[in-house]
Each structure stands twice: as C-alpha cells, then as structure tokens.
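Here the structure is laid out as structure tokens; the discussion comes afterwards.
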Amino acid sequence: MNDRLLKALRRQPVDCTPIWIMRQAGRYLPEYRATRARAGDFLTLCKTPELACEVTLQPLRRFDLDAAILFSDILTIPDAFGLGWSIDEGMGPKFARPLRNKSDVERLPEIDVDAQLGYVMQAMRLTRAALANKTPLIGFSGSPWTLATYMVEGGGSKEYKYAKGMMHDQPEVARKLLRKITVAVVDYLKAQVAAGAQALMIFDTWGGVLTTPDYGDFSLDYMAQIVAALKADATAADIPITLFTKGGGHWLEKIADSGCDAIGLDWTMPLRAARRRVGHRVALQGNMDPTVLYASSDKVEQEAKRVLDDFGDGDGHIFNLGHGIHPTIDPDRVATLVDAVHRHSRRD
Ligand code: CP3
Numbered sequence: 012m013n014d015r016l017l018k019a020l021r022r023q024p025v026d027c028t029p030i031w032i033m034r035q036a037g038r039y040l041p042e043y044r045a046t047r048a049r050a051g052d053f054l055t056l057c058k059t060p061e062l063a064c065e066v067t068l069q070p071l072r073r074f075d076l077d078a079a080i081l082f083s084d085i086l087t088i089p090d091a092f093g094l095g096w097s098i099d100e101g102m103g104p105k106f107a108r109p110l111r112n113k114s115d116v117e118r119l120p121e122i123d124v125d126a127q128l129g130y131v132m133q134a135m136r137l138t139r140a141a142l143a144n145k146t147p148l149i150g151f152s153g154s155p156w157t158l159a160t161y162m163v164e165g166g167g168s169k170e171y172k173y174a175k176g177m178m179h180d181q182p183e184v185a186r187k188l189l190r191k192i193t194v195a196v197v198d199y200l201k202a203q204v205a206a207g208a209q210a211l212m213i214f215d216t217w218g219g220v221l222t223t224p225d226y227g228d229f230s231l232d233y234m235a236q237i238v239a240a241l242k243a244d245a246t247a248a249d250i251p252i253t254l255f256t257k258g259g260g261h262w263l264e265k266i267a268d269s270g271c272d273a274i275g276l277d278w279t280m281p282l283r284a285a286r287r288r289v290g291h292r293v294a295l296q297g298n299m300d301p302t303v304l305y306a307s308s309d310k311v312e313q314e315a316k317r318v319l320d321d322f323g324d325g326d327g328h329i330f331n332l333g334h335g336i337h338p339t340i341d342p343d344r345v346a347t348l349v350d351a352v353h354r355h356s357r358r359d
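Mapping of the sequence shown onto our numbering: position 106 corresponds to residue 117, and the numbering continues sequentially without gaps.
Structure representation (structure tokens):
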C-alpha cells in the first residue's frame with residue numbers, strides 16, 4: 012500500500028512528499044473525454060458507477076499519483092434535493108429550481124443518501140476494489156456555504172446577489188438552509204466512508220468571498236459541525252479530513268480550530284507562513300498555481316521545487332495545485348510535476 016498520503020495527513024514521516032491533483036480526472040485527459048463521449052454527458056458519467064470508477068483510475072494509469080479521488084461532483088447533493096441539475100457546455104452548472112425564499116427552503120425534502128446517492132457509494136466500492144489497497148481513495152463533499160450558493164443562485168455567480176442577499180436580509184432562512192445541507196453532508200460523508208473512502212475533503216470554493224465574521228458564521232461554523240459529527244462517529248473517527256476554503260488564507264488559525272486534520276491552501280498563501288501559523292496542529296495541502304503547468308517543463312520543475320522548499324523540512328505536506336487543473340493543460344506537464352515532486356522531496 013502506498014500510504015504516503017495517509018501518513019502525511021497524520022503528520023507522520025514519509026519517504027517523499029505525496030502528490031495528487033484537484034480535478035486529476037478530467038477534461039485535460041483525452042481518455043476522460045472519450046469516456047465522457049461514450050457516456051453521452053457529464054451527469055450520466057457521474058451517475059454510472061462503472062464509468063465513474065473507470066475515469067477515477069485513468070490519471071493513476073498515467074502518473075505516479077499518491078491518491079485517487081472519486082470521480083463525482085459536489086453538486087450531487089443539490090441534485091438529490093431535487094433542484095434539477097444540468098451542465099451547459101461552456102456555461103457551467105445550472106439548477107432549474109433555485110431556492111429564493113423561506114418557503115422554498117422549508118419545502119426542501121430530507122435526503123436519503125443511500126437511496127438517492129447510492130450511485131456515488133457504488134462507484135466508491137467499485138473503485139476501492141479496483142485499487143486493491145495500492146493507492147488510497149479520497150471521498151469529498153462541497154461545504155454547506157458553497158452548496159448553498161449554487162442552490163440559491165441556481166448556478167455559478169460573480170456577485171452572489173441572491174446567496175449573499177439571503178444571508179444579509181434573511182439570515183435565519185440562510186441558516187435553516189445551511190443546517191439542512193449540513194445534515195445531508197454528514198450522512199453523505201459517513202456513507203462514503205462506509206463504502207471505502209480513506210480520507211475526506213470538503214471543498215469550500217466560495218468561502219473566500221465572505222467577510223471575516225460572515226465566514227465564521229455562515230461557512231466555517233457548519234464545516235466545524237461536520238468535522239465534529241464525523242469525529243464522533245465510530246466508523247469515521249479515524250478518517251483524516253481536509254478543509255479547503257479557496258481564498259481562506261486569512262483564517263487559518265480558525266480553520267485549524269475546527270478539528271480538521273489538514274488545510275488545503277490556494278496559491279496566494281505562502282506555505283511557510285501558513286505553517287508558522289498552524290503547522291504543528293494540522294497538515295497542509297497545496298499549493299502550486301495551476302497556470303504554471305502551461306509553462307515549460309523546466310519551469311514546472313523549478314516551481315515544484317520552490318513550493319517544496321517553501322514548506323521546508325518536516326512532515327505534514329501534501330503537494331497539490333492551489334485549485335483544479337485547467338482543461339487545456341498538456342498531460343505531459345503533469346507527469347513532469349509528479350516526478351519532480353517525488354524526486355526533489357526524497358528523504359535520505
Ligand atoms: O478532483 C477530481 O478529479 C474529482 C472530481 C471532481 C469534479 N468536480 C469533477 C468535475 C471534484 C472534486 C469536483 C468538485 C467541484 N465541482 C467543485 C469544488 C472544487 C473547485 O473546483 O472549486 C465545484 C465548485 C464544482 C462544481 C462544478 N462542476 C463546476 C464549476 C464544473 C465545471 C463546469 C465547466 O463546464 O467548466 C463542474 C463539472 C465538472 N466536475 C467537470 C469535472 C471533471 C467538468 C465537466 C465535464 O466533463 O464537462
């Protein structure tokens with residue numbers, strides 16, 4: 012078993028720094044595009060366990076990655092809530108029935124994760140079996156705040172008119188929605204662990220757009236409730252949890268206080284400074300700028316080394332990009348990166 016990832020998440024010594032890449036299964040790989048074409052569309056790919064499993068394994072066949080992350084999406088939960096999920100090519104995700112007021116939120120049904128999201132757990136079981144304990148498998152969810160923004164906006168947004176509008180004008184409605192999502196996320200992550208997830212990550216893509224007090228009250232507080240619920244669960248208690256708030260560099264100490272095992276960082280936060288602030292309490296994941304992968308192989312290697320040096324000696328670093336890999340990146344650059352990270356971090 013390659014257990015570098017699980018060791019680094021627990022801040023134990025490793026032979027070299029583990030690396031995996033956000034969105035490692037995705038459109039930059041021609042074999043992913045071929046499987047998606049065979050499925051017909053992205054949603055069918057997510058909802059067909061054999062294909063989701065196949066796509067999860069594709070990047071591991073090409074690159075010496077230290078983890079698999081289940082191919083799925085954070086938007087499976089809003090879909091299970093009945094919001095009518097679709098993906099417009101080039102336009103991003105959309106929901107036909109966004110939640111805009113109190114009665115929309117009150118009408119939201121409870122989710123039965125095994126019945127409605129059973130396809131995710133089935134993909135997890137198939138993938139865990141296919142990995143044969145060679146590489147650890149990561150499960151994930153969106154954060155309540157990030158899922159709420161999609162559910163209230165009805166898609167991606169630049170201004171968050173409706174989601175922030177609800178938070179400012181009807182904070183009790185926003186809280187009710189966040190509580191409902193939190194319950195669903197806890198059930199979902201527990202089910203993923205039961206199906207074989209060996210580490211968990213919560214993607215808080217839109218936490219960084221909030222003020223400091225609103226981040227605490229409307230995003231971090233709910234992620235902390237999720238961490239607490241999992242740590243109190245007999246089966247999930249030992250599964251390391253990474254919280255990734257994009258743009259969350261200001262709030263590292265508070266994020267570490269949530270009881271999570273690791274913090275994901277985007278490229279704006281120097282690892283050395285982050286480590287000085289929280290390094291003894293949590294592991295750190297990140298944080299190369301994904302656009303470096305558009306540059307030459309030499310630059311990719313130099314930058315990999317710079318990020319490793321920025322973290323410095325010692326344990327508790329999981330190398331990753333600061334956000335997902337872009338669809339137009341050349342897969343050869345990823346091979347260069349993975350190799351450079353392992354080579355430059357090899358402990359004597
Ligand atoms: O990391 C992995 O390889 C696992 C799979 C994964 C996907 N989405 C696959 C995907 C994960 C972990 C996600 C998380 C996700 N999804 C987030 C949080 C992480 C982040 O990037 O901040 C968010 C915000 C989403 C919502 C979402 N789903 C967006 C914004 C998009 C892109 C839409 C577009 O057309 O650009 C998706 C679709 C999606 N999810 C794709 C993939 C590979 C591309 C869809 C396709 O193949 O057409």
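Beta carbons are placed, not taken as given, at the ideal position from N, Cα and C, and that holds for glycine.
Proximity test, residue i beta-carbon vs the ligand CP3 heavy atom, cut-off 6 Å
i	result
GLN35	yes
ILE274	no
GLY207	no
PHE53	yes
ARG72	no
ARG38	yes
PRO29	no
ILE85	yes
Rounded straight-line distance, which links the Cα of residue j to that of residue i
i	j	result
LEU319	VAL184	44 Å
LEU110	LEU94	8 Å
TYR161	PHE106	8 Å
ARG139	ALA208	8 Å
ASP244	PRO147	21 Å
ARG358	MET12	19 Å
GLY290	LYS201	27 Å
ASN112	LEU62	37 Å
ASP198	CYS57	19 Å
GLY166	ARG190	20 Å
PRO60	LEU211	19 Å
THR339	CYS64	23 Å
MET178	LYS265	21 Å
ARG283	VAL349	21 Å
Residue j beta carbon less than 7 Å from that of residue i
i	j	result
GLY297	LYS257	no
PRO301	HIS328	no
PHE92	LEU71	no
CYS271	ILE250	no
ARG354	LEU304	no
PHE214	GLY150	no
For residue i, the three-state DSSP class (helix, strand or coil)
i	result
GLN133	helix
LYS105	strand
PHE151	strand
GLN296	strand
SER168	coil
ASP99	strand
LEU16	helix
PHE53	helix
ASP84	coil
ASP228	helix
Neighbourhood of residue i by C-beta, 7 Å cutoff - its chain only, sequence neighbours within 5 removed
i	result
LEU221	PHE229, SER230
Contact test: residue i Cβ vs the ligand NAD heavy atom, cutoff 6 Å
i	result
ASP300	Because the ligand NAD does not appear in the structure shown, any question about it cannot be addressed here, the ligands present being the ligand CP3.
Close-in-space but distant-in-sequence residues of the same chain around residue i (CB under 6 Å, 5 per side omitted)
i	result
LEU398	With the chain represented from 12 up to 359, any question about residue 398 goes unanswered, as that position is not in the structure.
THR67	ALA36, ALA79, LEU81, PHE82, THR138
MET280	GLY260
ALA247	LYS201, VAL204, LEU241
8 Å CB neighbourhood of residue i in its chain, flanking five on each side removed
i	result
ASP99	LYS105
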